[in-house]
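Everything below concerns the one structure shown next.
Numbering (our numbering), first residue to last: 380 to 628.
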């Protein structure tokens, strides 16, 4: 999961550079940032995100589509998946990114068709009409379709297998205060975005519960993680809130 986020972040950074270096438009916000914010709003909307599908999949699809759409015009980096032939360098990178982002998100979140459509039309209206714009739209549509087809049967829609905990040390148990059950228990079988197989990179097993290392690690987690911690730094508090989904921007 962390690898997926790293790859999406890299795509976002390199794509921003490519879009910025392209032909100028009246847009005041980079489309990469804009559509990323749009997705953040969607996943924070109650009921919008399926409970068994992790939102990082949506972010990876979004940025892969925008990246390949723009990179097929700029040609500065290795494509993630899609390589198109005979794409003019004069093609609008912004139009390609906008269209690819819209099509990717519409497929994943069809209930937001009206919102996504309005945003796309508003963005495209800022680009001068002509061949460059039309070609950009076509590139975005083509790339998004191929990215979506590639992820169509990636296992993300499979039902979660049941998980039975054991009330003994060393086994996962539901955590307070709401004691929700384990989720995304099927996610290890979802096709990765940036590696061949996640089983190529298994973590080392944890130390025994009686080992000094385990005892020290447990004490550290308790000290830093408790609500009124006196050892946690302000930066660690921000990091914890970020990964806990508490930061809104």
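Ideal Cβ placement from N, Cα and C applies to all residues, glycine included.
No experiment lies behind these values; they were computed from the predicted model shown.
Of all the options 570, 589, 559, which has the alpha carbon lying nearest to the alpha carbon of residue 430?
559
Ignore the nearest five residues each way along the sequence and tell me which others in residue 443's own chain have a CB closer than 6 Å to its CB.
459, 526
Is the separation between the beta-carbon of residue 503 and that of residue 495 shorter than 7 Å?
no
If distances are taken between C-alpha atoms only, which option among 585, 438, 473, 591 comes closest to residue 511?
473
Flag this pair as yes or no: are the beta carbons of residue 483 and residue 440 separated by less than 7 Å?
yes
If you follow the alpha helix (DSSP H) that residue 417 is in, where does it begin and where does it stop?
410-422
Same chain, Cβ closer than 8 Å to residue 534, neighbours up to 5 away in sequence not counted:
565, 568, 569, 570
Starting from residue 525, trace the alpha helix (DSSP H) in both directions and tell me its first and last residue.
510-530
Could you check the C-alpha separation between residue 457 and residue 450 for me, to the nearest Å?
8 Å
Could you check where the alpha helix (DSSP H) with residue 435 kicks off and where it finishes?
434-453
Determine, using beta carbons only, whether residue 488 and residue 412 come nearer to each other than 7 Å.
no
Take the Cβ of residue 551 as the centre, count every other Cβ of all protein chains shown within 10 Å, and call the residue buried at 16 or more, exposed below.
exposed
Whole-Å CB distance - residue 470 paired with residue 515, under 8 Å assumed
5 Å
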